[in-house]
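The numbering used here puts the first residue of the sequence shown at 2, with every later residue one more than the last.
Heads up, the beta-carbon is just placed ideally off N, CA and C, and yes, glycines get one too.
Some notes on the structure that comes next.
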Amino acid sequence: MQNFTELTGQGEGNFLHVLTTENGAAIRSIFVPDKHGNEVDVVQGYEHPEDYLHNPPVLGAVVGRYAGRIAGADVEIDGIHYPLTANENNNTLHGGRDFYHERRWTKEDVTPSSVTYSLFSPHLDQGMPGSAKITVTYSVIQGNALQISYEAQADQDTFFNLTNHSYFNLNGHAAGDIADHRLLLQSLRYAQADAENIPTGDLQPVDGTPLDFTREHEIVERIDADDTLIRNAQGYDHCYALNSDLHTPIARARSERSGIVMEVLTDCPAIVFYTANFLDVKERTKGNAPYGRRSSFCLETGYFPDSPHKDLFPNALYRAGEKFTHTTIYRFSQQG
């Protein structure tokens, strides 16, 4: 498609067809065949590349320098405070202002099955210290999978937490709801959070809570449970602790209607499960499809939100010259 970079798999066994754009370094589409042989676009997105330069819900794009919430819009490194921009109550969310996901990235190293985008982030960009070179590489790899690999390095001590913010609906981006979707999430603990969804620093067992997906069940089964955990987020917007590698899936979502299965593999310590509780996009979308509340879900891998303030969590601090790396794989198949 014109002005989008088109990626397809090499060799046998790949059926993915992916479209990306340098605006936001975003995933515009992932086409997957369903159980009837129809090609289904399972990612919500915009019609034109320029639409990603104004993207409040962060459809498909890269989030940084620190994805997630940071309490008090401030970080401290070796006794020096760096004020950030508050954009959600008194906290910073997804960078605060001048978002990475609303910038034009540079396209590099294009092959038929992969593309690399880069971004230069100057010292005190979004308030964070250190000039940084950041890259993200999208690759369609063997096994019907999309691999996302990040690298970043700064000339001063800084925090990095990069993720992709794709909204998935395995019945198609315009299907309207995820009522028939089921989820298995291999995590025994979640990050306890306060009323503003800022982690307290404690990890709590999912057992006995509506956050327990250690046995597969419908996403919507407990999404309106009369429970503080659910009420505060108005659905699912929770961070889970992982013991993960790039060989074993830590999450599996599937749709009964389409038969499409999506597995997530990552080397990150945490994953945020979000059910688009506040999504409301009616313009500029693909085919002018309305994207409403709970019409999709996100599985965002990375560090814990607010880890710069929490000793319990890996705190995402990278010393000058130290390289940040992170890889996540979304693997697709069909159920019988």
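Requested in this report: Return the CA-CA distance between Gly14 and Ser140, expressed in angstroms with no decimal places.
Outcome: Cα to Cα, the separation comes out at about 15 angstroms.
Report task. Assign Leu20 to one of two classes, buried (16 or more other C-beta atoms within 10 Å of its C-beta) or exposed (fewer than that). Result -> buried
**Report entry** Inside the stretch 73-119 only - beta strand (DSSP E) runs reaching at least 3 residues
**Finding:** 75-78, 81-84 and 107-112
**Report entry** Rounded Cβ spacing between Asp238 and Tyr275 (contact assumed at less than 8 angstroms)
**Finding:** 5 angstroms
Query - Beta-carbon proximity check, Leu300 vs Tyr292, cutoff 8 angstroms - result: no
Query raised in the report: Taking DSSP as the reference, what is the three-state secondary structure of Pro50?
Result: helix
Query raised in the report: Asp238 by DSSP, collapsed to three states: which one?
Result: strand
Report task. Count the other CB atoms, across all protein chains shown, that sit within 10 Å of the CB of Arg232; report buried if there are 16 or more and exposed otherwise. Result -> exposed
Query - Complete runs of the beta strand (DSSP E) confined to the stretch 254-337 [at least 3 residues] - result: 261-267, 271-275, 299-303 and 325-335
Query raised in the report: Can Gly131 and Gln157 be called in contact, C-beta distance under 8 angstroms?
Result: yes
Query raised in the report: Taking the Cβ atom as the reference point for each residue, do Thr6 and Tyr151 lie within a distance shorter than 8 angstroms?
Result: no
Requested in this report: Starting from Gly144, follow the beta strand (DSSP E) in both directions and report where the run begins and ends.
Outcome: Careful: Gly144 lies outside any beta strand (DSSP E) and carries neither H nor E.
Query raised in the report: Taking contact to mean at least 3 C-beta pairs separated by less than 8 angstroms, is the stretch 314-326 in contact with the stretch 210-226?
Result: Put simply, the stretch 314-326 does not touch the stretch 210-226. Fewer than three CB pairs are less than 8 angstroms apart.
Query raised in the report: Rounded to a whole number of angstroms, what is the C-alpha to C-alpha distance between Asp195 and Leu230?
Result: 9 angstroms
Requested in this report: Starting from Leu204, trace the beta strand (DSSP E) both ways and give me its first and last residue.
Outcome: Pro200 to Pro206
Requested in this report: Just the C-alpha distance for Thr249 and Leu266, rounded to the nearest angstrom, thanks.
Outcome: 6 angstroms
Query raised in the report: By DSSP, does Thr229 sit in helix, in strand, or in coil?
Result: helix
Query raised in the report: Are the stretch 41-54 and the stretch 20-29 in contact at 8 angstroms, needing three or more beta carbon pairs?
Result: yes
**Report entry** Unbroken beta strand (DSSP E) run spanning Ile251, endpoints
**Finding:** Per DSSP, Ile251 belongs to no beta strand (DSSP E) and is neither H nor E.
**Report entry** Cβ neighbour criterion (16 or more within 10 Å) applied to Asp264
**Finding:** Looking at the sequence provided, one finds Glu at residue 264 rather than Asp. When all chains shown are included, Glu264 counts as buried.
Query raised in the report: Under a three-way DSSP split, which group does Ile224 fall into?
Result: coil
Query - Coil, strand or helix - Gln187 by DSSP - result: coil
Query raised in the report: Mapping DSSP to helix, strand and coil, what is Gln127?
Result: helix
Report task. Give every residue of the same chain whose Cβ lies closer than 6 angstroms to the Cβ of Tyr67, excluding the five residues on either side of it in the sequence, and list them in chain order. Result -> Phe160 and Asn162
Query - Contact set for Arg72: own chain, Cβ-Cβ below 7 angstroms, skip 5 residues either direction - result: Per the sequence presented here, residue 72 reads as Ala, with Arg not at that position. Correct list, in chain order: Asn92, Ile199, Asp307 and His310.
Query raised in the report: What do you reckon, are the CB atoms on His182 and Leu189 nearer than 8 angstroms?
Result: no
Query raised in the report: What do you reckon, are the CB atoms on Ser167 and Val262 nearer than 8 angstroms?
Result: no
Requested in this report: Could you name the residues that DSSP lists as bridge partners for Tyr139?
Outcome: Val116 and Ile149
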